[in-house]
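So in the UniProt record's numbering, spot 57 of the sequence shown is number 57, and the numbers just go up one at a time.
All residues carry an ideal CB built from backbone N, CA and C; glycine is no exception.
Report on the structure given below.
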Amino acid sequence: MLQIENKLELFENVVYKRRMLDLDKRKEVWEEERKDLLKKKSEVLGAEKTRIVKRREDLARIQGNEQIAKAREDERVLRLKKLNQLEEDFVEAIRARVGEYTHTPAYGEDLMKDIDASLAELTPGEFRIGLVQADTDRYLDEILARAEEKGFTLKPFVLEDYRIGGHTISDIERTYSFNSDLYTKIEGKRYEIGKLLYRLFREELDYV
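So this is what it looks like as structure tokens:
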């Protein structure tokens, strides 16, 4: 009986130890698998994190470039606005100076020469002539007399005051017109004025 018990005990010890040993080995395998899985997950998460960071950096760079481009465009628009305002101020100053010039004797002489030059381009006949009210009051009689000597009959009409001075001539039917008023002459030089101002103030505008 004792031998049987001893054998059973021995058997249990052997089986138990083998089971424990097998369990320990399995635990080691599981632990290795767990570590390997964690490592792989960590690598995947690290790569994903890197992609996310790079994506954010790329997006920030793109947005930054867009902001820089917008800032440059805003600056360019501002420079153009300042240049346009400068041009308008300059043209307005010219109009004011020309307005002062119309009160001088030299203006009266130049007005007669300009009208003579316009009539020289036409065949004698009947035409309409436009003058601002001030010039009508001061020079109309002389203008009509000089024109009549050349075979022209001029029908006067009053131009708007913003024309400053000068004259316009058209046929009686108003199918064509020569605009030699001072306002139109100044406007005709606006492009050249703009180019001149750009050359003069280009360096200053670069730092606006």
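Item to check | First and last residue of the uninterrupted alpha helix (DSSP H) at Leu140 | outcome: One-based indexing of the sequence shown puts residue 140 at position 140. Taken as a continuous stretch (DSSP letters only), the alpha helix (DSSP H) holding Leu140 covers Gln133 to Glu149.
Checklist entry - When you compare only the Cα positions, how much space is there between Gly130 and Pro105? => result Residue numbering aside, residue 130 sits at position 130 when the sequence shown is read from its first letter. Residue numbering aside, residue 105 sits at position 105 when the sequence shown is read from its first letter. The alpha-carbon atoms of Gly130 and Pro105 are separated by roughly 20 Å.
Next on the checklist: So for Glu160, helix, strand or coil by DSSP?
Outcome noted: Within the sequence shown, numbered from 1, the residue matching residue 160 stands at position 160. Here Glu160 sits in coil by DSSP.
Checklist entry - Asp135: buried (16+ other C-beta within 10 angstroms of its C-beta) or exposed? => result Against the sequence shown, residue 135 aligns to sequence position 135. Only buried fits Asp135, as 16 or more other CB atoms lie within 10 angstroms of its CB.
Checklist entry - How many angstroms separate the CA atom of residue 214 from the CA atom of Arg76? => result With the chain running from 1 to 208 in the structure shown, residue 214 is simply not present.
Next on the checklist: Tell me whether the segment 158-165 and the segment 178-188 touch, counting them as touching only if at least three CB pairs, one residue from each stretch, are closer than 8 Å.
Outcome noted: Segments in contact, yes.
Checklist entry - Should residue 210 be labelled buried (16 or more other beta-carbon atoms within 10 Å of its own) or exposed? => result Outside the modelled stretch of the chain, which goes from 1 to 208, sits residue 210, for which no answer is possible.
Item to check | alpha helix (DSSP H) segment containing Gly108, residue limits | outcome: Mapped onto the sequence shown, residue 108 falls at position 108. Residues Pro105 to Ala120.
Item to check | Rounded straight-line distance, which links the Cα of Gly194 to that of Gln85 | outcome: Working through the sequence shown from its first residue, we reach residue 85 at position 85. Working through the sequence shown from its first residue, we reach residue 194 at position 194. Cα to Cα, Gln85 sits roughly 10 Å from Gly194.
Next on the checklist: Less than 6 Å between C-beta atoms, sequence neighbours within five positions excluded: which residues of the same chain meet that for Ile169?
Outcome noted: Working through the sequence shown from its first residue, we reach residue 169 at position 169. The beta carbon of Ile169 sits closer than 6 Å to those of Ser118, Phe127, Ile129 and Phe178, all from its chain and outside the five residues before and after it, given in chain order.
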